[in-house]
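Everything on this sheet refers to the single structure shown next.
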Amino acid sequence: MPVNFAPFDEGEITGYLDYQSSTKSTTLGNTLKDYSFSFYVEEKPEKGYLLVITESPPDYVKWRLWVNNFSLTKEFKPNLSYLTEDKRELHFHIFDVTHLLVKGKNELTVNYNSARPLTIRLANATMIMRSEGFFTRYSLRGGLLQLRPGEMMELKSMGRSYLVVRSNFRGKVRVSNGKSQEDTLELGHECEEIDAEGNFVRIFNPSSEEQRSVAQILLHYSYASQTPQLDFDLIPELIGNSLQIRVVNKGDVDIERLTLNVMVNGVTVGFRTLHDLSRGGDTQCTIQLPQKRGIVYIRSVGMRAGLRKIVEKELKRETA
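Each number in the numbering used here corresponds to the 1-based position in the sequence shown with 10 added.
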């Protein structure tokens, strides 16, 4: 069976891949005119793509799309279109929106003003971020691959895979990456996401008297990443009513943001956010404590480019 996927980007970057999706279907028409999908970007991406999958009757329908209140176009035809088993058309709309994305919250909005139904099956934002210490090879593909009962497909992978699948009826598929255990996934009209490790992903739509569903694979992102070690240590010291905390970066890369949450007997008494702690460097902060004896608990989270490291420390305060 041929793979009806079209690659819309592939390559490698000194950085990492980030993707966010909204998989709940929304039908626009007489009663509902607008659809919104919010996603977050840690920094300005090297590349940014939006992929909107719609389902409609065979005739072409008009709709408008905004990204961060910027109108992309008043009406447009899809990059890819497929006729599904239930005689409806599935459309893939792929946009390069690199120049429109901003650091922080971004929003996609679809407006549709017609009585005919237009169903948004999936909204996906994929960002390719440049960051020192990371290296990623990737392949981004979208399209339609339909598996009837009894059919199986094996998709090659660079090491990790992200897939979006759905079905025209209630049914189950078996997902394997070559390991001893297979996962069974229940499918329906809503899109489901699959994250898998391994050199391939195998999807099997079993055949039985009850199984009438056709499984649809819509997206396949394949990638291999080399990530640096994110590591740090906390060195706390109690001096009277003050808690001095020294933070030492022991990892391979700078820490972009680090949060410190301090609690006494389970009650938060102090919170700090530190920025840009360089590799091999250290910094110090002081938090005032109430005059209470008991357990002083410190929870810290260090972050860089999607990596997170949690360090916790506990002190017993005998006098106050």
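All residues carry an ideal CB built from backbone N, CA and C; glycine is no exception.
CB contact flag (residue i, residue j, <8 Å)
i: Ala225; j: Val279; result: no
i: Asp408; j: Leu150; result: Residue 408 lies beyond the stretch modelled for the chain, which goes from 11 to 330, so this question has no answer here.
i: Leu100; j: Leu154; result: yes
i: Ser31; j: Val174; result: yes
i: Thr293; j: Val257; result: yes
i: Ala133; j: Leu111; result: no
i: Ile130; j: Tyr45; result: yes
i: Arg327; j: Gly291; result: no
i: Asp264; j: Leu284; result: no
i: Tyr172; j: Tyr231; result: yes
Alpha-carbon to alpha-carbon, residue j and residue i
i: Ile245; j: Ser252; result: 14 Å
i: Met162; j: Asn123; result: 40 Å
i: Ala125; j: Thr94; result: 22 Å
i: Gly181; j: Thr269; result: 44 Å
i: Asn259; j: Leu248; result: 21 Å
i: Gly148; j: Met137; result: The displayed chain sequence assigns Tyr, not Gly, to residue 148. Taking the straight line from one Cα to the other gives about 12 Å.
i: Pro12; j: Glu52; result: With a pLDDT of 49 at Pro12, under the threshold of 50, the modelled position of this residue cannot be trusted; read the value that follows with caution. Roughly 37 Å separates the two Cα atoms.
i: Asn14; j: Leu90; result: 10 Å
i: Ser177; j: Ser235; result: 31 Å
i: Glu164; j: Arg158; result: 14 Å
i: Phe144; j: Gly25; result: 5 Å
i: Leu82; j: Thr146; result: 29 Å
i: Arg282; j: Ser48; result: 27 Å
i: Arg3; j: Leu228; result: Nothing about residue 3 can be reported from this structure: the residues present for the chain run from 11 to 330 only.
i: Thr329; j: Val311; result: 28 Å
i: Gln254; j: Leu317; result: 26 Å
i: Cys201; j: Gln301; result: 54 Å
i: Val62; j: Ser186; result: 27 Å
i: Ile331; j: Ile213; result: Lying before the first or after the last residue shown, residue 331 is absent from the chain, which here runs from 11 to 330.
i: Leu128; j: Gly160; result: 31 Å
i: Lys113; j: Thr296; result: 30 Å
i: Phe179; j: Val306; result: 54 Å
i: Asn271; j: Arg289; result: 22 Å
i: Leu75; j: Ala315; result: 29 Å
i: Gly39; j: Met139; result: 36 Å
i: Tyr233; j: Ile23; result: 11 Å
Outcome for residue i when other beta-carbon atoms lying within 10 angstroms are tallied against a minimum of 16
i: Pro55; result: buried
i: His109; result: exposed
i: Ser217; result: exposed
i: Asp106; result: exposed
i: Gly21; result: exposed
i: Leu64; result: At residue 64 the sequence reads Thr, which differs from the Leu that was named. Label assigned to Thr64: buried.
i: Leu42; result: exposed
i: Lys34; result: exposed
i: Tyr50; result: exposed
i: Asn116; result: buried
Residue i versus the options, residue with shortest Cα-Cα distance
i: Phe80; options: Phe145, Lys97, Asn121; result: Asn121
i: Trp73; options: Pro88, Gln298, Ala135; result: Pro88
i: Gly58; options: Ala135, Gln156, Val185; result: Ala135
i: Arg309; options: Gly316, Leu325, Leu317; result: Leu325
i: Met313; options: Asp96, Pro17, Val277, Ser141; result: Ser141
i: Val274; options: Ser288, Gln298, His285; result: Gln298
i: Ala206; options: Lys34, Ser35, Arg170, Pro67; result: Arg170
i: Gly208; options: Tyr172, Lys34, Ser167; result: Ser167
i: Ser66; options: Lys97, Leu60, Val77; result: Lys97
i: Leu60; options: Gly276, Val306, Gly152; result: Gly152
i: Pro17; options: Lys319, Glu266, Phe102, Val77; result: Phe102
*Contact between the region 230 to 244 and the region 193 to 200 (3+ Cβ pairs under 8 Å)*: Touching, no.
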